[in-house]
Amino acid sequence: MSMTIHSSIKAKILEAQSKASKNTSTPTEMLKGSDKQLERKEDGGLYLAERIWVPVYGNLRTLIMNEAHATRYSVHLGADKMYYDLRGLYWWPEMKKDIAIGHDSIWVIVDRLTKFAHFLAVREDYKTEKLVRLYINEIIARHGMPVSIISDRDNYFTSRFWKSLQKALGTRLDLSTAYHPETDGQSERTIQTLEDMLRACAMDFGGN
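Using the UniProt record's numbering, count along the sequence shown one by one with no gaps and you end on 208.
Right, here's the structure in full:
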């Protein structure tokens, strides 16, 4: 299956290129000399050969990697497979390294009313501020502000910053009872289903 760039992602890339190009430090800091090889195509974008340049602007690179995971066609055999899938469309310095680092955790968010679940790829070393941006972009932007949230007692969600954010947003924050995950049984069932699916995928693809 050949991959294509979704129109909404392409629009964000072109916008980011425009903003990044106005930054005089962009060529030396991010392109490392490759800026001389970039060519402007008919769509106004800058490309390295046929691969569109993705500036390190906002969270575009993370978005692209997340979209590659989220598409219903992609169950990746590992970082190498994902890299070769994406390299035909996108380019940025040290792209393979970024993909190899990837994510090591999944943030599961479930709407108690509709049972709709979001699975957000994250890393354990993310700062709370980064999770907040992800939460705003992926949850609040799509569904509005929750009336209440039930979460586990992870340090992220017991932090003063997270509690202050929810208070400012008018969202009631309830923490599940320690050693009693059934307090948030719906999320626990969703997580169990996700684990079963991931385990099945790992078995099918030889543990990758």
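From the three backbone atoms N, C-alpha and C, an ideal C-beta is built for every residue, glycine too.
Worksheet item: If you draw a straight line from the alpha carbon of Arg123 to that of Trp107, how long is it in whole angstroms?
Response: Between Arg123 and Trp107, the alpha-carbon positions lie close to 9 Å from each other.
Discussion item. Quick check on His118: does DSSP put it in helix, strand or coil?
Written reply: DSSP, read as helix, strand or coil, puts His118 in strand.
Discussion item. Ser151 and Leu175 - do their beta-carbons sit closer together than 9 Å?
Written reply: Against a cut-off of 9 Å, the Cβ pair of Ser151 and Leu175 comes out as a contact.
Practice prompt. Would you check if the distance between the CB atom of Thr190 and the CB atom of Ala117 is smaller than 9 Å?
Written response: Cβ atoms of Thr190 and Ala117: closer than 9 Å.
Discussion item. Does Met145 pass the burial test, meaning 16 or more other C-beta atoms within 10 Å, or should it be called exposed?
Written reply: Only exposed fits Met145, as fewer than 16 other CB atoms lie within 10 angstroms of its CB.
Worksheet item: Looking at the structure shown, is Ser148 part of a helix, part of a strand, or coil, going by DSSP?
Response: Secondary structure of Ser148 (DSSP, three-state): strand.
Worksheet item: So, is Ile136 buried or exposed, given that buried needs 16 or more other C-beta atoms within 10 angstroms?
Response: Per the 10 Å Cβ criterion, exposed.
Worksheet item: Hey, how far is the Cα of Ala49 from the Cα of Lys41?
Response: Roughly 10 Å separates the two Cα atoms.
Worksheet item: Between which two residues does the beta strand (DSSP E) harbouring Val108 extend?
Response: Taken as a continuous stretch (DSSP letters only), the beta strand (DSSP E) holding Val108 covers Ser105 to Val110.
Item to complete: Return helix, strand or coil for Leu175, following the three-state DSSP convention.
Response: Here Leu175 sits in strand by DSSP.
Discussion item. Helix, strand or coil for Leu48? Go by DSSP, reduced to three states.
Written reply: In the three-state reduction of the DSSP assignment, Leu48 falls in the strand class, which pools E and B.
Worksheet item: So, using beta-carbon positions, are Leu131 and Ile149 closer together than 9 Å?
Response: No, these two residues do not count as a Cβ contact at 9 Å.
Worksheet item: Between which two residues does the alpha helix (DSSP H) harbouring Trp162 extend?
Response: Note, Trp162: alpha helix (DSSP H), Arg160 to Leu169.
Fill in: Range covered by the alpha helix (DSSP H) that runs through Glu129
Segment Thr128 to Tyr135, the alpha helix (DSSP H) holding Glu129.
Fill in: CA-to-CA distance, Asp125 to Asp104, given in whole angstroms
Between the alpha carbons of Asp104 and Asp125 lies a gap of roughly 9 Å.
Worksheet item: Taking the continuous alpha helix (DSSP H) assigned at Ile13, which residues delimit it?
Response: Counting along the chain, the alpha helix (DSSP H) containing Ile13 begins and ends at Ser7 to Ser21.
Discussion item. So, for Gly45: in the same chain, excluding its five sequence neighbours on each side, which residues have a beta-carbon less than 8 Å away from its beta-carbon?
Written reply: Lys10, Ile13, Leu14, Gln17, Ile52 and Trp53.
Worksheet entry | Glu42 in three-state terms, based on DSSP | Coil.
Worksheet item: Going along the chain, which residues of its own chain have a beta-carbon closer than 6 Å to the beta-carbon of His76, five neighbours each way excluded?
Response: Note that His76 has pLDDT 47, beneath the 50 cutoff, so the model's placement of it is unreliable and the number below is only indicative. Once the five neighbours on either side are set aside, the close Cβ partners of His76 are Met82.
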